[in-house]
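Student: Using full-length UniProt numbering, the letters of the sequence shown correspond one by one to residues 1 to 289. Where is the CB? At the ideal position from N, CA and C, for every residue including glycine.
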Amino acid sequence: MKNTVNINSVELVNADSLQYIATLPDNSIDLIVTDPPYFKVKPNGWDNQWKGDEDYLRWLDMCLAQFWRVLKPAGSLYLFSGHRLAADIEIMMRERFNILNHIIWAKPSGRWNGCNKESLRSYFPATERILFAEHYQGPYKPKSDGYAEKGSELKQHVMTPLISYFRDAREALGITSKQIADATGKKNMVSHWFSGSQWQLPNESDYRKLQSLFTQVAIEKHQNGELATPHHQLVAMWHSLNRKYSELLEEYKSLRRHFSVSVSVPYTDVWTHKPVQFYPGKHPCEKTR
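(1) Residue 75 by DSSP, collapsed to three states: which one?
(2) For residue 65, which residues in the same chain have their Cβ closer than 8 Å to its Cβ, ignoring the five residues on either side in sequence?
(3) Among all the DSSP beta bridges, which residues are the ones paired with residue 270?
(4) So, does the stretch 64-81 touch the stretch 238-251, judging by three or more C-beta pairs under 8 Å?
(5) Given this structure, state the Cα-to-Cα distance separating residue 284 from residue 159, to the nearest angstrom.
(6) How far does the beta strand (DSSP E) with residue 129 in it extend, from its first residue to its last?
(7) Using the three-state DSSP reduction, which class does residue 140 fall into: helix, strand or coil?
(8) Which same chain residues, not among the five before or five after residue 183, have their C-beta less than 8 Å away from its C-beta?
(9) Cβ atoms of residue 129 and residue 91: under 8 Å apart, would you say?
(10) On the three-state DSSP scale, how would you describe residue 235?
(11) For residue 156, I'd like the list of residues in its chain whose CB is within less than 6 Å of its CB, leaving aside the five on either flank, ordered along the chain.
(12) Ignore the nearest five residues each way along the sequence and tell me which others in residue 2's own chain have a CB closer than 8 Å to its CB.
(13) May I ask which residues mark the beginning and end of the beta strand (DSSP E) holding residue 30?
(14) I need the straight-line Cα distance from residue 266 to residue 258, nearest angstrom please.
(15) Tell whether a beta-carbon distance below 8 Å holds between residue 47 and residue 40.
(16) Output needed for residue 161: all residues of its chain with C-beta closer than 8 Å, excluding positions within five of it in sequence on either side, in chain order.
(17) Cα separation between residue 280 and residue 37?
(18) Can you name, in chain order, every residue of its own chain whose Cβ lies under 6 Å from the Cβ of residue 9, other than the five neighbours on each side?
(19) According to DSSP, simplified to helix, strand and coil, what is residue 5?
(20) Rounded to a whole number of angstroms, what is the C-alpha to C-alpha distance between residue 134 and residue 68?
(21) Whose C-alpha, out of 117, 108 and 131, is nearest the C-alpha of residue 86?
(22) Three-state secondary structure (DSSP) at residue 11?
(23) Alpha carbon to alpha carbon, how far is residue 175 from residue 191? Give it in angstroms, no decimals.
(24) Rounded C-beta distance between residue 89 and residue 60? I'm assuming under 8 Å.
(25) Quick one: give me the first and last residue of the alpha helix (DSSP H) that residue 192 is part of.
Structure below.
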C-alpha cells in the first residue's frame, strides 16, 4: 500500500521500498541515503522477519541491485548498517559499487554507560556504520560518470600540436622503438613520447638524446632533419596548452560526483553525532540531524 504526502514541494512516499523503487526509471536518482533494518538489533517484527543472516543479505542484495539501476552515474549512496553484519554487507556491496568510505558513527553516549562491564564477554557495540559508495568507473562495472574519459580525451585533443610534432618526426624517419630505447636508456617511455595515450613531454636531457638520434638517422637516409625545435620552446608551448586544458577541464567538473565538506561538518570517516534522545513518538531507529 502506497501513501504519498507533499510537504513544501517535497513528496514523501510511504510504501514497501523494494516494490516502490522498482517503479522508478533507470539513472534517475542523484543521492540514495538508506537506513534498512539491521536484522536482529531491534525487537520489532520488521527487524526479525528473515530466516537468518543469509536470507537477510539476499534481500538486501536485491535492494542493492535496484539502487545500482536507479542511481545516476555520478550519484552517491550512503547505506547505514549495524556493526555485526557490516563486513558482510561491505563485501557484498563491492560486487556492485565502489566503496569510498566505511564510516564509523561513534556515539558519545548510549546503553553501554550503564552496563555491567565485568560481565561482558566481548566489547560492547557502541557504533553504527555508514557505507559511502559510488558507481565503478571503467569497463568492468560500467556506469562511468564520463569525467575521467572526457578529461583524457580533452587532454589528448589540446596537446595535439605537441603530440603530432613528435609522432610525425618519428614516422618521417621510420625510427623504431628499440632505437629510441637504446638512445635514451628508457624503453618504457617510447609510447608516452610518441603516441597520444598518456603523452608526456621529454625532459631536456632525453630530448637532446632524441635529437642526436633523429639527426643521425636523417643524415644516413639523406632526409631533412626532424625535432629541430629547441626544448625551451616546446616547454613554453606545453605550458600554454596546459593552461588551456586546465580551463576547459573546469567545464567538465559538472560531470563529477558531487562531494563537498568543510570544517563545519564531519570530514573524516569517524562521526561522533549524539544519538536522538527519547521523546513520545520517537522511531526506534531515528537518526540525528
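Tutor: Taking the definition as stated:
(1) strand
(2) 96
(3) 104
(4) no
(5) 58 Å
(6) 127-134
(7) With a pLDDT of only 46 at residue 140, under the threshold of 50, the placement of this residue in the model should not be trusted; the figure read from the coordinates follows. Residue state, collapsed to three classes: coil.
(8) 209, 210, 212 and 213
(9) no
(10) helix
(11) 196
(12) 13, 14, 15 and 20
(13) 29-34
(14) 16 Å
(15) yes
(16) 237 and 241
(17) 21 Å
(18) none
(19) strand
(20) 9 Å
(21) 131
(22) strand
(23) 13 Å
(24) 7 Å
(25) 190-194
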